[in-house]
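Asks: Just so you know, the sequences run in chain order A and B. Per the working numbering, residue 1 is the first one in the first sequence, and the count goes up by one each step. Per the working numbering, residue 1 is the first one in the second sequence, and the count goes up by one each step. We put the CB at the ideal spot given by N, CA and C, even for glycine. My questions all concern the structure below.
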Amino acid sequence: MNARNLVNIYGDMLYRICLMSLRNHADAEDAVQEVFLKYLTRAPDFDTSEHEKAWLITVALNQCRNMLRSQRIIPTDPELLHPPENPPEQNQILDALMQVPGKFREVLILYYIEGYKIKEISQIIGKGQSAVKMRLAKGKKLLEQIYRKEYLS
Amino acid sequence: MKEKDFRIHAGNIRLSAESKERIIRNLETMTQNLDVSQEKEIPQRPIVRHIMTAVAACLVIAVSAGGIYHLAGGKSRFSPGSAVTETVSVSMDEMQKSAPAIFASLAELELYVIPPHDRGEIGKCPETVSYTILSNESQQQLSELYSTLDFQNPVKDYSFSSDWKDRFLLFLQYEGIYYNVQTIRASDGNTYIQLMCVSPGESRGYTLTYQTELDFFDKANALIQNPIGGSEINIEYDKILYDNLDEVLEILFGSRNLATKFATAIVDADTRIGADAMNAYFISRENQNSDTVQYFSMNRDNFLNFWRILNQAVMGRPNLASDLKTEYTISGDPDFVLYLEDRSYMQIWHGGGQSDVIFHNLPGLPEELCIEISEEDYQNLKNALVPEEYFNTEYENINTVLYERIETELMNQMFGGNAPDVNEIIQRAEQTFTSLEEAEYYFSVEDSDYLLENHHEGQYFSIPEEKQKQLAELFRTLNYADMKKNYQNGGYNIVMYLEDANQQKSLVTILFYPDFDRAYLSWHPDGNAVGDNYYLELDLDTLNQIAEILSEPEQLFEKQNPLFNFDNDMFNKKSVPFGDISGAEERLIFNAYAPGYLIPTEEQHKTLTDMFNNWNWSEPLTDYQLSEIQDGESFSIYIRKKDGISEWAFEVRCQLSGYLIYAHESAEEIFYEPELITEIQNLFLNSNPDKVIYYPPENGSVWDEPAERYEIDESAVN
């Protein structure tokens, strides 16, 4: 697949994941570009498009973790991350989601935004299903706490 | 709201059309020069092998260069990023048609010369051969001279053998194919020109020979003997004789490729600096003393100005390829070292009438690249290094810092999460911790990794004043300058709630990994466990002292915590060595491509325990790209241990590529041990396990946990 097709097919999805992991537009774009570069230079053969998509997400999450580990990421003003089409309450949930610690956030993103099942998330992030379930439960609790504190108190 | 109804609406988050176009453009540029070809087998030519066998090594040069190349046999060894991008082939007819254009283009081509050598010199086998890069003017004159060849009438029956007096070699690249031009003065006095394709591939080695005027050799020789400008690349002589011509071509023609990549890297950095996330720090030698390094941050405008001056100094040079040196000799200390957030850095040297910039770790380039700059450029760069803030870090020896530790420790300190405001935070942390006796102070205890769920619900304890003083005394001994920002973890064992003398509330959390033998103390200055934190690694003695102090609480507030009656078991229990799985409740081998989990036999369990206990777990790799390591086939060993107090699970993931990944809930450590992985693989994959649990297990989890349903609280989002 060439660069244009890649970006057109997977660009938005990966950008969404990277943006919510990194909370910074420019870094998210860098991360997406890096993921595609890895795809173009090192991707294995894929049996299915789902396999390909999962590989891209795995690499994207690793890329974000590496960037968070090695760089100082300065979060963009949350309001600038809001999609203008979203109703305010949805943006509030997004804001709260971005405050959830990374390892819980990525599971929430994959489950609630990208629509992956627990088993699939387990394969993507390389953790057991019980760990995914635990992170999901924990992540939702944290999301609730943050949401309550920020918007309901 | 039911679980299935709960969705987070983020579908509107999209890349803008401009961003997409920019990424596509960048990707196309970046992949243009990358080697994406696979290694190709190069067919052997028995006749040449025969010659090789027959002729003594030093005389191999007597075989044509094409022949020499084939002697290499085996595989093409062009590395990724090589100037050679794919296997190419050219037929004899194509070569004949291309010959006039090739010679007519000599002025524009990248051209390398092995100067004349006679047979006597060859017999002496010199240690190195100089490949001279000719000036444009020399190449123009060579082009005019070689264009006089009679291309319509190549010599058909010329046999190049030992019948030559002297010769010189040109290496060039034309339309992606490498050629060697030999200009030979034969023993009969005639001059022959041989054009040979030496590109890697299956159809190479064709040779075209032209006979020309007697004085042609002298005319051409005069041009290459007196190059106008240019420089030299020294290559070991053996490399062109035996099996390294690929490498030679890579070295020669990679240099221009290097210039392109260098330019791209600089431009790429330039683009990144446009982003707000870019940070830069620099060290000035003028301000150093023997035990302190001062480093400075730059603001974005000053940095952009510096980068503009740097661009002017190094880019757009007519001979950038030859100006960039991978080998250089500079002694002393750099005057300035500038660090960028992508972990690349550059040293700026000045003195002895020369100024140089040495680039380190530019992405996709050799580790070090040196380029000389003018005195004026040096002064401009120096003046552009305008400090914004300065920071100190102490080291015993400045030279050690600069040459051995700066790239890791100091850069980690700069970029590894330590924000510029960390000094203030550290100061505040120190004040807070060391004045605990004056603080309001409570703590709570949890035994699991999931404390955050409950910490605000009110399981608070206070401790007696005397104990509070002891704790303050203990905290005085910690080195807060080592604090790093934002430890990523999932929970804590102990949470302390502080309100200092200035009524500032903050949170301290302590996390103990018994299987790592590690403990961390994190400070959350805003009192929010989800917000930023600053952490220190605690040694286990300190951890035990803290535990002992906290083991005698004064008062329990609100409800009783059933876990509070701990008698130090949590901290005093013998910590489990990293690889010790003896006593593990279950040992599960999961083959990623098989349908089941294998439960090993007792004997396998024992063998695996021995393997892990004998393995040195204390030296994980420190520099790795997890996404790269995790490519390819793997299998995992899942281990869960219980010791009566708590339980923890970890995974040892074995990549067949040789990487072993120890994955805990909160961390991953990487080792490289292909032999151990092979041993483990052999132990399990070729044996009869006790039983196989087919995936997915009936109860929804390999640990036989009941399937859990997690209903989100409606009130959370309503």
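1) Helix, strand or coil, according to DSSP, for W523(B) in the structure here?
2) Nearest to N533(B) by alpha carbon, out of A547(B), A519(B) and T509(B)?
3) Between the alpha carbons of V155(B) and D323(B), how many angstroms are there, rounded?
4) Within a Cβ cutoff of 6 Å, which residues of the same chain sit near Q194(B), ignoring the five residues on either side of it in sequence?
5) Check the Cβ of M483(B) against every Cβ in chain A and list those closer than 8 Å, keeping chain order.
6) For N26(B), name the three-state secondary structure that DSSP assigns.
7) Taking DSSP as the reference, what is the three-state secondary structure of E586(B)?
8) Write down the C-beta distance between L15(B) and A3(A) rounded to the nearest angstrom, noting that I regard them as a contact closer than 8 Å.
9) Between the Cα of F612(B) and those of I677(B), Y339(B) and L538(B), spot the shortest distance and give me the residue it belongs to.
10) Candidates R317(B), C197(B), H524(B) and Y345(B): which alpha carbon is nearest L507(B)'s?
11) Relative to the C-alpha of R148(A), which residue among Y111(A), A96(A) and K138(A) is closest?
12) From the DSSP output, which residues share a beta bridge with C654(B)?
13) Following the continuous beta strand (DSSP E) through N91(A), name the residue where it begins and the one where it ends.
14) Would you list the one or two residues that DSSP bridges to H51(A)?
15) Buried or exposed for N25(A), going by 16 or more other Cβ atoms inside 10 Å?
16) Closest to N180(B) by C-alpha separation, out of V113(B), A186(B) and M92(B), would be which residue?
17) Can you list, in chain order, the residues of the segment 16-30 of chain A whose Cβ is nearer than 8 Å to any Cβ on chain B?
18) Between the C-alpha atoms of I121(A) and V107(A), what's the straight-line distance to the nearest angstrom?
19) Ends of the alpha helix (DSSP H) at M315(B)?
20) Which residues of chain B have a Cβ atom closer than 7 Å to the Cβ of E85(A), listed in chain order?
21) Give the secondary structure of K165(B) by DSSP, where H, G and I count as helix, E and B as strand, and everything else as coil.
22) Quick one: which residues of the segment 302-330 of chain B get their C-beta closer than 8 Å to a C-beta of chain A? List them in chain order.
23) Suppose contacts are defined by Cβ-Cβ distances below 7 Å. Is Q604(B) in contact with S634(B) by that definition?
24) What residue from G658(B), L511(B) and P387(B) has the CA that sits closest to L536(B)'s CA?
25) Return helix, strand or coil for I228(B), following the three-state DSSP convention.
26) Which complete alpha helix (DSSP H) runs does the segment 20-50 of chain A hold, if anything under 4 residues is left out?
27) Quick one: using the 10 Å Cβ neighbour count with 16 as the cut-off for buried, is P44(A) buried or exposed?
28) Going by the beta-carbon positions, is the gap between R16(A) and A10(B) smaller than 7 Å?
29) For M13(A), which of K53(A), T48(A) and M1(A) has the nearest alpha-carbon?
30) Between the Cα of I146(A) and the Cα atoms of D77(A), Q99(A) and I113(A), which residue gives the shortest distance?
31) Specify, as a first and last residue, the run of the beta strand (DSSP E) that V337(B) falls within.
32) Name the two residues that bound the continuous beta strand (DSSP E) containing V181(B).
33) For M298(B) and chain A, any beta-carbon pair shorter than 7 Å?
34) Just how far apart, CA to CA, sit S636(B) and E50(A)?
35) Does any CB atom of chain A fall closer than 7 Å to the CB of K20(B)?
36) Alpha carbon to alpha carbon, how far is D27(A) from F336(B)? Give it in angstroms, no decimals.
Replies: Considering the structure as presented:
1) Within the second sequence, numbered from 1, the residue matching residue 523(B) stands at position 523. Three-state DSSP puts W523(B) in a strand.
2) Indexing the second sequence from 1 puts residue 533(B) at position 533. Checked all of A547(B), A519(B) and T509(B); the closest Cα to N533(B) is T509(B).
3) Position 155 of the second sequence holds residue 155(B). Position 323 of the second sequence holds residue 323(B). Cα to Cα, V155(B) sits roughly 40 Å from D323(B).
4) As a working note, residue 194(B) is residue 194 in the second sequence. Contacts found: Q182, T207 and T209.
5) Position 483 of the second sequence, counted from the first residue, corresponds to residue 483(B). Within chain A, no residue comes near M483(B); the closest Cβ sits about 15 Å away, beyond 8 Å.
6) What you label residue 26(B) is simply residue 26 of the second sequence in a count that begins at 1. Annotated three-state conformation of N26(B) is helix, per DSSP.
7) Working through the second sequence from its first residue, we reach residue 586(B) at position 586. Caution applies to E586(B), whose pLDDT of 43 falls short of 50 and renders its modelled position unreliable; the value that the coordinates give is listed next. Note: E586(B) maps to strand in three-state DSSP.
8) Taking the second sequence and counting its residues from 1, one reaches residue 15(B) at position 15. Taking the first sequence and counting its residues from 1, one reaches residue 3(A) at position 3. Actually they do not touch by this definition, with Cβ atoms about 13 Å apart.
9) Counted from its first residue, the second sequence places residue 612(B) at position 612. The shortest C-alpha separation from F612(B) is found at I677(B).
10) Numbered from its first residue, the second sequence carries residue 507(B) at position 507. Selected option, being the one with the closest Cα: H524(B).
11) As a working mapping, residue 148(A) is identified with position 148 in the first sequence. Among Y111(A), A96(A) and K138(A), the Cα nearest to that of R148(A) belongs to A96(A).
12) Position 654 of the second sequence, counted from the first residue, corresponds to residue 654(B). According to DSSP, C654(B) bridges with F635(B) and L660(B).
13) Numbered from its first residue, the first sequence carries residue 91(A) at position 91. N91(A) -> not in any beta strand (DSSP E); alpha helix (DSSP H) instead, spanning P88 to Q99.
14) Indexing the first sequence from 1 puts residue 51(A) at position 51. Per DSSP, none; premise fails for H51(A).
15) On the first sequence, residue 25(A) is found 25 positions in, with the first residue counted as 1. Contrary to the premise, residue 25(A) reads as His rather than Asn in this sequence. Counting other Cβ atoms within 10 Å of its Cβ, H25(A) reaches 16 or more and is therefore classed as buried.
16) One-based indexing of the second sequence puts residue 180(B) at position 180. For N180(B), the closest C-alpha among the options V113(B), A186(B) and M92(B) is that of V113(B).
17) R16, L19, M20, N24, A26, D27, E29 and D30
18) Taking the first residue of the first sequence as 1, we reach residue 121(A) at position 121. Taking the first residue of the first sequence as 1, we reach residue 107(A) at position 107. I121(A) and V107(A): Cα-Cα distance of roughly 7 Å.
19) Indexing the second sequence from 1 puts residue 315(B) at position 315. Note, M315(B): premise wrong, no alpha helix (DSSP H); not H, not E.
20) Sequence index remark: in the first sequence, residue 85(A) carries index 85 (1-based). Within chain B, the residues near E85(A) are N12.
21) Looking up residue 165(B) in the second sequence gives position 165. DSSP places K165(B) in coil when its eight states are reduced to three.
22) none
23) In the second sequence, counting from the first residue as 1, residue 604(B) sits at position 604. In the second sequence, counting from the first residue as 1, residue 634(B) sits at position 634. No. Outside cutoff.
24) Reading the second sequence from its first residue, position 536 is the one you call residue 536(B). Measuring from the Cα of L536(B), the nearest candidate turns out to be L511(B).
25) The residue you call residue 228(B) lines up with position 228 of the second sequence. Note that I228(B) scores 48 on pLDDT, short of 50, meaning its location in the model is unreliable; the coordinates nonetheless yield the value given after this. If DSSP states are grouped into helix, strand and coil, I228(B) belongs with coil.
26) 25-42
27) For the purposes of this step, residue 44(A) is taken as residue 44 along the first sequence, with counting starting at 1. Result: exposed.
28) Looking up residue 16(A) in the first sequence gives position 16. Looking up residue 10(B) in the second sequence gives position 10. Cβ distance < 7 Å, so R16(A) and A10(B) count as in contact.
29) As a position in the first sequence, residue 13(A) is number 13, starting the count at 1. Of the candidates K53(A), T48(A) and M1(A), the one whose C-alpha sits nearest the C-alpha of M13(A) is K53(A).
30) The residue you call residue 146(A) lines up with position 146 of the first sequence. Comparing Cα-Cα distances from I146(A) to each of D77(A), Q99(A) and I113(A), the minimum goes to Q99(A).
31) Within the second sequence, residue 337(B) is the residue found at index 337, counting from 1. First-last of the beta strand (DSSP E) with V337(B): F336 to L340.
32) Along the second sequence, read from residue 1 onward, the residue named residue 181(B) stands at position 181. Where V181(B) is concerned, the enclosing beta strand (DSSP E) stretches over I177 to R185.
33) Position 298 of the second sequence, counted from the start, is the residue given in the question as residue 298(B). Put simply, the CB of M298(B) is far from chain A, with every gap to its CB atoms at 7 Å or more.
34) Stepping through the second sequence from its first residue, residue 636(B) is reached at position 636. Stepping through the first sequence from its first residue, residue 50(A) is reached at position 50. For S636(B) and E50(A), the gap between their C-alpha atoms comes out near 23 Å.
35) Looking up residue 20(B) in the second sequence gives position 20. Yes, K20(B) counts as interfacial toward chain A.
36) Stepping through the second sequence from its first residue, residue 336(B) is reached at position 336. Stepping through the first sequence from its first residue, residue 27(A) is reached at position 27. One C-alpha to the other measures close to 28 Å.
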